[in-house]
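Everything below concerns the one structure shown next.
In our numbering, the protein residues as written are 1 to 455.
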């Protein structure tokens with residue numbers, strides 16, 4: 001063995017045990033007591049988690065003439081410092097063929113990532129060339145396809161969705177869907193704008209819970225017709241939870257994620273000054289306060305399987321401020337790739353009694369399982385990659401932009417006092433972050449082909 005992490009409490013999605021972790025060649029090779037190696041880390045008083053998996057990030061994402069603030073290097077450095085050792089980004093096909101979009105994203109990321117990564121496919125075509133690209137790419141390990149029910153240039157109609165769902169079932173691809181009723185959103189945005197309601201307070205009014213829930217109902221209905229499992233991204237409304245329970249009650253295989261911002265911030269934030277409100281302009285928006293307890297309850301109960309970030313940061317200066325006086329001009333998205341683990345640990349485990357095993361499941365194991373990476377990723381077990389987070393459960397600190405590595409000019413949770421912090425973060429046995437600072441190498445991250453999904 002090259003390295004042993006000694007005396008820690010190892011936490012997986014099913015167990016909490018005192019154990020040493022032995023590592024050789026980047027892989028976990030032993031779990032037990034009294035292990036020895038030339039190099040050791042004393043984890044006494046610490047928890048040992050699997051490296052966290054964030055299946056929903058947008059790094060170096062273009063929107064019109066803008067590009068999101070974190071590129072593949074800065075974003076994955078921030079991920080590592082927060083304890084996330086695997087991310088899944090997107091290859092969006094717009095005017096280019098899907099295979100070319102994948103090649104472009106690989107060229108942007110390979111040699112520039114500080115943690116391991118993979119890519120979801122994204123597109124809204126259903127012509128023969130697009131379908132053939134999906135087939136070939138699925139065989140090469142790109143085994144998820146994101147679809148949208150809103151956004152011009154991305155949304156798919158019901159017929160397209162049915163055809164793409166059928167393809168996903170045939171090719172072992174898991175479809176992810178952004179659920180908002182496009183007609184409702186466009187109608188309300190236009191009406192609010194014409195009535196002079198253009199401040200950020202109008203943003204949540206333009207994308208109500210009903211728009212999300214209706215689209216979720218339609219997507220789940222189409223998935224049932226197509227006989228395909230489906231994964232709903234960034235569920236934000238209790239209305240959508242009811243739709244998910246309805247679908248599962250009929251025997252459907254339906255998965256869903258929630259984001260920290262929807263668990264922790266309600267829609268009153270949009271009435272605050274620009275600098276405090278703008279970081280939380282994303283779609284779907286934060287909801288009225290009564291939705292948040294329902295999301296927490298669903299997370300604890302297993303009705304929400306994954307906590308992801310939808311990390312898509314825009315600077316306030318020069319990007320978000322385009323919408324200072326007109327919410328329809330503000331780019332949607334927020335920062336969170338570094339703070340997801342500590343926010344969920346502090347506000348979930350410490351403040352609300354979320355079990356440690358559930359914390360590991362939603363932050364690491366479930367996303368690894370759903371997206372074809374388990375058991376290589378998402379657990380602490382012999383044979384798994386030695387992606388490990390040695391976590392101080394009692395560290396208390398304050399979130400500050402100056403202490404974080406997200407390449408954005410603000411911290412959405414500035415001033416929040418949190419408990420828990422990663423002390424050592426390992427990627428395939430290599431130390432990549434220590435005491436909140438990046439000590440790895442940009443470029444050491446690897447692309448991860450993924451197994452097909454079994455519908």
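We put the CB at the ideal spot given by N, CA and C, even for glycine.
Every value quoted in this text rests on a predicted model; they were computed, and no experiment measured them.
- Residue pairing from DSSP places residue 63 in a beta bridge opposite 66.
- Between residue 389 and residue 47, the alpha-carbon positions lie close to 8 Å from each other.
- Secondary structure remark: continuous alpha helix (DSSP H) runs of at least 4 residues inside the segment 156-241, in chain order: 158-171, 182-194, 203-206 and 209-226.
- Shown here, residue 5 sits in a strand according to DSSP, grouped into three states.
- Taking C-beta atoms as the reference points, residue 313 and residue 55 fail to come closer than 7 Å.
- In this structure residue 441 is exposed. Its beta-carbon is surrounded by fewer than 16 other beta-carbon atoms within 10 angstroms.
- Spanning the alpha carbons of residue 247 and residue 221 requires a straight line of approximately 8 Å.
- By the C-beta density criterion, residue 165 is buried, having at least 16 other C-beta atoms within 10 angstroms.
- When DSSP states are grouped into helix, strand and coil, residue 44 belongs to the coil group.
- With distances taken between CA atoms, residue 45 lies nearest to 9 out of 437, 9 and 171.
- In this structure, the CA atom of residue 198 is about 20 Å from the CA atom of residue 334.
- Taken through DSSP and simplified to helix, strand or coil, residue 441 comes out as coil.
- Listed in chain order, the non-local C-beta contacts of residue 52 below 6 Å within the same chain comprise 83, 84, 341, 363 and 364, local neighbours out to five positions each way being set aside.
- The residue among 421, 444 and 327 with its C-alpha nearest the C-alpha of residue 431 is 444.
- For the pair residue 327 and residue 205, the Cα-to-Cα distance works out to about 11 Å.
- Bridge pairing for residue 90: 120 [DSSP].
- Apart from the 5 residues on each side of it in sequence, residue 162 sits with its Cβ closer than 8 Å to the Cβ of 222, 225 and 226 in its chain, given in chain order.
- When secondary structure is reduced to three states using DSSP, residue 402 falls in the helix class.
- For residue 27, the enclosing beta strand (DSSP E) covers residues 27-32.
- Rounded to whole angstroms, the gap between the alpha carbons of residue 25 and residue 428 is 8 Å.
- Look at residue 391 here: in three-state DSSP terms it is strand.
- Counting only the Cα atoms, residue 408 lies some 11 Å from residue 71.
- Counting the other CB atoms within 10 Å of its CB gives residue 385 a total of 16 or more, which places it among the buried residues.
- When the Cα atoms are used, residue 262 and residue 35 turn out to be separated by approximately 42 Å.
- The beta carbon of residue 435 lies closer than 7 Å to those of 423 in the same chain, with the five residues before and after it left out.
- Across the set 149, 154 and 108, the C-alpha of 154 shows the shortest separation from the C-alpha of residue 122.
- For the 7 Å CB-CB criterion, residue 141 and residue 450 form a contact.
- Between residue 77 and residue 382, the C-beta spacing is not below 7 Å.
- In this structure, residue 336 places its C-beta atom within 7 Å of the C-beta atom of residue 309.
- Rounded to whole angstroms, the gap between the alpha carbons of residue 358 and residue 320 is 35 Å.
- Shortest Cα-Cα distance from residue 380 to any of 49, 175 and 191 involves 49.
- Setting aside the 5 residues that flank it on each side, residue 236 is surrounded in the same chain by 209, 212, 258, 259, 262, 284, 285, 286, 287, 291 and 295, each with a C-beta closer than 8 Å to its C-beta; the list follows chain order.
- Judged by DSSP secondary structure, residue 291 falls within the alpha helix (DSSP H) whose first and last residues are 291-301.
- Counting every other CB atom within 10 Å of its CB across the protein chains shown gives residue 396 a total below 16, marking it as exposed.
- The Cβ atoms of residue 87 and residue 79 lie closer than 7 Å to each other.
- Exposed is the label assigned to residue 268, since fewer than 16 other Cβ atoms lie within 10 Å of its Cβ.
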